Structures are given as C-alpha cells and as structure tokens.
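Novice: The sequence shown runs 305 to 645 under the numbering used here.
A virtual CB, placed ideally from N, CA and C, is assigned to each residue, including glycine.
Owing to the predicted nature of the structure, the values given are computational and were not obtained by experimental measurement.
Shown below is the structure under consideration.
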Amino acid sequence: MKPKKIGILTAGGDCPGLNAAIRGVGKTAIVKYGMEVIGISSGFLGLIDNDTFPLEENMLSGILTDGGTILGTSREKPFKKSKRYKIDKPNMIKETYKKLGLDCVVCIGGNGTMKTAAKMVTEGLNVIGIPKTIDNDVWGTDQTFGFDSALWIATEAIDRLHSTANSHKRIMVIEIMGHHAGWLALYTGMAGGGDVILLPELDYDMDVVNNYLLERARNKKPYSIVVVAEGIEKPNKDQSAASYIAEQIESGTGIETRKTILGYIQRGGSPSPMDRILATRFGAYAVDLIAHEDYGKMVIKKGEKIKDIYLSDVGSKLRLVPQDHKLIKKGRGLDICFGSK
Ligand code: F6P
305 MKPKKIGILT AGGDCPGLNA AIRGVGKTAI VKYGMEVIGI SSGFLGLIDN
355 DTFPLEENML SGILTDGGTI LGTSREKPFK KSKRYKIDKP NMIKETYKKL
405 GLDCVVCIGG NGTMKTAAKM VTEGLNVIGI PKTIDNDVWG TDQTFGFDSA
455 LWIATEAIDR LHSTANSHKR IMVIEIMGHH AGWLALYTGM AGGGDVILLP
505 ELDYDMDVVN NYLLERARNK KPYSIVVVAE GIEKPNKDQS AASYIAEQIE
555 SGTGIETRKT ILGYIQRGGS PSPMDRILAT RFGAYAVDLI AHEDYGKMVI
605 KKGEKIKDIY LSDVGSKLRL VPQDHKLIKK GRGLDICFGS K
C-alpha cells in the first residue's frame, strides 16, 4: 500500500507545547509509519492559500523544548461568512487538500479549531484534531496541553507578588487569561495562595469581596492577593478585569490596591515537562489513528489514558468550571473568597 501523506497545522492562539505536538506527529508519522508529512503555514490560511512545505524529519529535531510553533498560527475561520471577502474558502481548502494528495490533516488547536475541523469532516475530508490551549476549556478532554505551562508561569508571577504586597501592605489584583473559562485562574489562584479568586463562571458581589478584604485587614493580615480571570462580568467591556476590580476594591475598602495584567507572558516560552509529554502522547496517538484510517476524531486525555472522541461530538461545546468544582469547595473550606457567601 502507498505510504500515507498527511498535513499538519496549528491554529488559534499559540501556547507552549505546539512544537512538541508537531514533533510527536511528525516523528511518529515518518519513523514508525514511513508517512510523508506536509507542514501547513499559519493555520487554516495555509490550507486556503496552499502555503505549505515538506516537513522533513531533521526539521523536527531540537524543537521539543521551543515555545511557539514552527508552522505559525492564525485565527482564520474558513467557514465563517465574511461580507468583505466573497471567496469560497471551504472549496479552496478542498482544492489544496486534493492538489497535495493528502490522506488526512492533523489540526492542532482549541475550541474554534475543533469546530472548523468538524466542518471539514462534513465536507468529506479526513481530519484528526489535537486539543491545545492554556485555557483548558476544550470539551471532551480532561486536559489540553499548554495549560500546565501557563499554570507554572502564572503561579510564579503570584509568588513574586506576595513579597512586594507584604512590603507595602497592599492589595494586589492579578488578571489571568480566560475569557469564558476560569480554569487557569482557579488553579493559579489555589497554587499561588490567592485570597480572593473570581471566575467567569461564578457570580460575585463587590460588597462580599470588600468586606472579606477588610476582615483580613482587621485580623492583622498585612496584604491580600486577588486573582481575577479576564472574562469576569463587569459593567464596561473595554476596561480590563483587573482595573475594574482594583478600582472597586480601593474605593470600597480604602486600602491601597495595585493591579498586574499578566497577558501574553502566559502563552510564551518553553513548555513544562508535563506539557511536553502530553503533547508528544497526543501527537503519537493522532498518527496511530491515521494509520488505522480512524478519521474524524479528536484525541483526548481521560484519567491517565489517551483516547479519542468524534469531532462531531465536540461541536461548539465549551468545558467550563462547574460551580461545585472540588477545588472551589476545598477553597471555601480554607476561607478563600470566590466572590459570594
Ligand atoms: O489562548 C487563549 C487565550 O489566551 C484567551 O485566554 C485569550 O483571551 C485569548 O487567547 C487572546 O488571544 P489573542 O489576542 O491572540 O486573540
């Protein structure tokens, strides 16, 4: 049988571990199965424009520890109708796929990417999805790669805030990424010893937060750390979550308050050892699926096992923090404030 030819792309916001996943896919495909691998540049843009190149095995050496993605990425959504460009992007993708003679495309990305991947399947293409994102909000998998690295970065940042907060007897508000899901803020808040943790999934009341912080001050706790997810509810959409909360705290308590927005630092740099391993396992498993012609699937982690589910089942579903998550319950028992009584 003719060896398979596969394409690989990374789409959506980048995160640590993308290169580890590309290497996992590429090496398994070339070394274990003798497949031919094509790198697709800048996410789905590369598929639309046929911006592709042969990915040789030597190009995969030395990238395991590198941040970013050697393929580049973009937030291009080819199935989203746009008034400005009337070109038929789904058709262009199909043409590129045919022109290159691909047997399958591996799409590494978050929720948006999995949605696009599922649409490509309905267009008749063979696709395998690999979930990544620091937000950890892809439905169907216990974990995405990128999350663990971001958790380390954000926790270290909070660790550093403790000493400066203590020196000045201030309240420090730190904003963590996560528009819809508060996984990163929750885990970072717990790991970094946050006193208040505010998540998009939980309603909060500023009176509860301010009374809690005043009570800490009355109990001679010299400073407080407030961890907020960027996607929390706030009156003005243009104001950052940290700015809004810091303003509300300072005016409501009279205690000097400062804010830190961690931003893209959370997405940059070398992946953690756990993310390198998870991305490698995801990549290798994806190619095993291709070898068995078991297409239309997304690779997942369930417990300690790597498994797969249908991309069509993932759809547009998001994996959010449940209100009764065990870490929230444990946190409340430790007198951490989640914004409500
Ligand atoms: O990678 C996910 C994420 O970090 C979100 O938490 C964040 O809101 C978003 O990406 C911002 O990314 P960009 O500016 O690249 O669209």
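1) So what's Ala-324 in DSSP terms, helix, strand or just coil?
2) Determine the extent of the alpha helix (DSSP H) in which Arg-580 is found, giving its start and end residues.
3) Below 7 Å CB to CB, which residues in the same chain sit around Lys-423 once its five sequence neighbours on both sides are set aside?
4) Three or more beta-carbon pairs under 8 Å between the stretch 453–463 and the stretch 536–552, yes or no?
5) Ignore the nearest five residues each way along the sequence and tell me which others in Val-425's own chain have a CB closer than 8 Å to its CB.
6) Can the beta-carbon of Leu-349 be found less than 8 Å from the beta-carbon of Lys-398?
7) Mind listing, in chain order, the continuous alpha helix (DSSP H) runs of no fewer than 4 residues lying wholly within the stretch 507–565?
8) For Leu-631, collect the residues of the same chain with a Cβ closer than 8 Å to its Cβ; drop the 5 residues on either side in sequence, then sort them by chain order.
9) Can you tell which of Gly-635, Ile-640, Val-603, Glu-608 has its C-alpha closest to the C-alpha of Val-253?
10) Hey, out of Ile-462, Lys-611, Asp-407, Thr-420, whose CA is closest to Lys-306's CA?
11) Out of curiosity, what's the CA-to-CA distance linking Arg-464 and Ser-471?
12) Thinking C-beta only, is Val-532 closer than 8 Å to Ile-545?
13) For Leu-518, tell me which candidate among Ile-594, Val-500, Ile-310, Lys-419 has the shortest Cα-Cα distance.
14) Please confirm if the stretch 473–486 is in contact with the stretch 560–574, defined as three or more CB-CB distances below 8 Å between the two stretches.
15) Roughly how many whole angstroms lie between the Cα atoms of Ala-458 and Ala-485?
16) Pick helix, strand or coil for Tyr-491, following the three-state DSSP scheme.
17) Check Val-329 in the structure and name its three-state DSSP category.
18) Closest to Ser-576 by CA distance: which of Gly-556, Trp-487, Leu-368 is it?
19) Please name the residue in Gly-376, Gln-627, Lys-634, Leu-506 whose C-alpha comes closest to that of Pro-320.
20) Determine whether the beta carbon atoms of Leu-582 and Gln-447 lie at a separation below 8 Å.
21) Using 10 angstroms around the beta-carbon of Tyr-568, count the other beta-carbons present and answer buried if the total reaches 16, otherwise exposed.
22) Of the choices Tyr-337, Leu-502, Asn-323, whose alpha-carbon is the least far from that of Gly-343?
23) Would the beta-carbon of Gly-372 fall within 8 Å of that of Asp-318?
24) Cutting at 6 Å between CB atoms, please list the residues of its own chain near Glu-380, excluding the five before and the five after it.
25) Can you grab the Cα-Cα spacing for the pair Lys-621 / Asp-353, in whole Å?
26) Could you tell me which residues DSSP pairs with Leu-313 in its beta bridges?
27) Count the other CB atoms within 10 Å of the CB of Ile-326; is the residue buried (16 or more) or exposed (fewer)?
28) Locate the beta strand (DSSP E) running through Pro-435, then write down its first and last residues.
29) According to the neighbour-count rule (16 or more other Cβ atoms, all chains shown, within 10 Å of its Cβ), is Pro-435 buried or exposed?
30) Give me the DSSP bridge partner(s) of Pro-358.
31) Ignore the nearest five residues each way along the sequence and tell me which others in Gly-572's own chain have a CB closer than 7 Å to its CB.
Specialist: So, from the listed chains and residues:
1) Translated into positions along the sequence shown, residue 324 becomes position 20. Ala-324 falls in the helix class under three-state DSSP.
2) The count along the sequence shown starts at 1 and reaches residue 580 at position 276. Where Arg-580 is concerned, the enclosing alpha helix (DSSP H) stretches over 577–595.
3) Numbered from its first residue, the sequence shown carries residue 423 at position 119. For Lys-423, where only same-chain residues beyond five positions count, the Cβ hits under 7 Å are Phe-383.
4) Taking 8 Å as the limit for Cβ pairs, the verdict is that the stretch 536–552 does not touch the stretch 453–463.
5) Within the sequence shown, residue 425 is the residue found at index 121, counting from 1. The answer, listed in chain order, is Val-431, Tyr-599, Gly-600, Leu-615, Ser-616.
6) Translated into the one-based positions of the sequence shown, residue 349 becomes position 45. Translated into the one-based positions of the sequence shown, residue 398 becomes position 94. No, these two residues do not count as a Cβ contact at 8 Å.
7) 510–522, 545–557
8) Your numbering for residue 631 matches position 327 in the sequence shown. So the list reads Leu-490, Tyr-491, Met-494, once near-sequence residues are dropped.
9) This structure gives no information on residue 253, because the portion of the chain shown stretches from 305 to 645.
10) Your numbering for residue 306 matches position 2 in the sequence shown. For Lys-306, the closest C-alpha among the options Ile-462, Lys-611, Asp-407, Thr-420 is that of Asp-407.
11) As a position in the sequence shown, residue 464 is number 160, starting the count at 1. As a position in the sequence shown, residue 471 is number 167, starting the count at 1. C-alpha separation (whole angstroms): 12 Å.
12) As a working note, residue 545 is residue 241 in the sequence shown. As a working note, residue 532 is residue 228 in the sequence shown. Residue identity check: residue 545 is Ala in the sequence provided, not Ile. Yes.
13) Locating residue 518 in the sequence shown gives position 214, counting from the first residue. The shortest C-alpha separation from Leu-518 is found at Val-500.
14) These segments touch.
15) Residue 458 sits at position 154 when you count from the first residue of the sequence shown. Residue 485 sits at position 181 when you count from the first residue of the sequence shown. Cα-Cα distance, rounded: 16 Å.
16) Locating residue 491 in the sequence shown gives position 187, where the first residue counts as 1. Here Tyr-491 sits in helix by DSSP.
17) To locate residue 329, count along the sequence shown from 1; it is residue 25. Note: Val-329 maps to helix in three-state DSSP.
18) In the sequence shown, counting from the first residue as 1, residue 576 sits at position 272. Nearest option by C-alpha distance: Leu-368.
19) As a working note, residue 320 is residue 16 in the sequence shown. Ranking the options by Cα distance to Pro-320, first place goes to Gly-376.
20) The residue given as residue 582 occupies position 278 in the sequence shown. The residue given as residue 447 occupies position 143 in the sequence shown. Yes, these two residues count as a Cβ contact at 8 Å.
21) Walking along the sequence shown from the start, residue 568 turns up at place 264. By the 10 Å Cβ count, Tyr-568 comes out exposed.
22) The residue you call residue 343 lines up with position 39 of the sequence shown. Nearest of Tyr-337, Leu-502, Asn-323 to Gly-343, Cα basis: Asn-323.
23) Your numbering for residue 372 matches position 68 in the sequence shown. Your numbering for residue 318 matches position 14 in the sequence shown. Yes, these two residues count as a Cβ contact at 8 Å.
24) In the sequence shown, the residue the question calls residue 380 occupies position 76. Gly-347, Phe-348, Leu-349, listed in sequence order.
25) As a working note, residue 621 is residue 317 in the sequence shown. As a working note, residue 353 is residue 49 in the sequence shown. Straight-line Cα distance between these residues: approximately 29 Å.
26) Locating residue 313 in the sequence shown gives position 9, where the first residue counts as 1. Answer is Cys-411.
27) Indexing the sequence shown from 1 puts residue 326 at position 22. By the neighbour-count rule (16 or more Cβ atoms within 10 Å), Ile-326 is buried.
28) The residue given as residue 435 occupies position 131 in the sequence shown. Run containing Pro-435: 431–435, per the beta strand (DSSP E) assignment.
29) On the sequence shown, position 131 is the one that residue 435 refers to. The residue is buried, with at least 16 neighbouring Cβ atoms inside 10 Å.
30) Stepping through the sequence shown from its first residue, residue 358 is reached at position 54. Pro-358 is bridged to Ile-342.
31) Along the sequence shown, one-based indexing puts residue 572 at 268. Taken in chain order, the residues that qualify are Gly-371.
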